[in-house]
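Structure first, commentary second.
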């Protein structure tokens, strides 16, 4: 069996990992890529550890266990050592099959505090939430994307319960 050179595998994994895709496709990539062979697994692990995409609740618990015990067949000790971003991306189209990731969003927002999350992922400054849908204006479909960063640290000088958010709205014409 022929294999790709590691440099090419790295380019493929990096580009796929950082591209926009529904969570069910990302989940499929996450489960398939490390199983191809050792090269794909070795390339995938540090890339996926640096920028984490939350796709379902079971994956949050899995990441928490990895972060706490520092043991994983795939990720080794990369999580949380390399983790810099955590993103929950939700496609709000009517036809989108995003019920699992919507539960992730709801669970994260209902956390009583973020102390445990900050302890498990000390290098992550915020959790990003990305919502995508198509708005209908004057009989034309306009893609809309709203991204906000939910910071895991308190607002400096703020009162208990205040949280800093950065919100970005992208409307493509």
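In the numbering used here, the protein residues as written are 91 to 263. C-beta: ideal position from N, C-alpha, C; glycine also.
Does the count of Cβ pairs from the region 166-183 and the region 136-148 closer than 8 Å reach three? With a cut-off of 8 Å, the region 136-148 and the region 166-183 count as touching, because enough Cβ pairs lie within range.
In or out: residue 113 buried (at least 16 other Cβ within 10 Å) or exposed? With 16 or more other Cβ atoms from the protein chains shown falling within 10 Å of its own Cβ, residue 113 counts as buried.
Whole angstroms are fine: how far does the CA of residue 151 sit from the CA of residue 208? Just so you know, the alpha carbons of residue 208 and residue 151 end up roughly 15 Å apart.
Cα-Cα, which of 133, 143, 99 is closest to residue 164? With distances taken between Cα atoms, residue 164 lies closest to 133.
Which residue wins for smallest C-alpha separation from residue 198, given the options 219, 234, 215? Nearest option by C-alpha distance: 219.
Taking the DSSP output, what are the residues bridged to residue 255? 240.
Residue 212 in three-state terms, based on DSSP: Under the three-state reduction of DSSP output, residue 212 falls in the coil class, being neither helix nor strand.
Can you tell which of 145, 153, 200 has the C-alpha that lies nearest to the C-alpha of residue 178? The alpha carbon of residue 178 has as its nearest neighbour, out of 145, 153, 200, the alpha carbon of 145.
State the beta-bridge partners of residue 219 as determined by DSSP. In the DSSP output, where bridge partners are listed per residue, residue 219 has 178, 238.
Would you decide whether residue 256 is buried or exposed? Buried here means 16 or more other CB atoms lie within 10 Å of its CB. Residue 256 is classed as exposed because its beta carbon has fewer than 16 other beta carbons within 10 Å across all chains shown.
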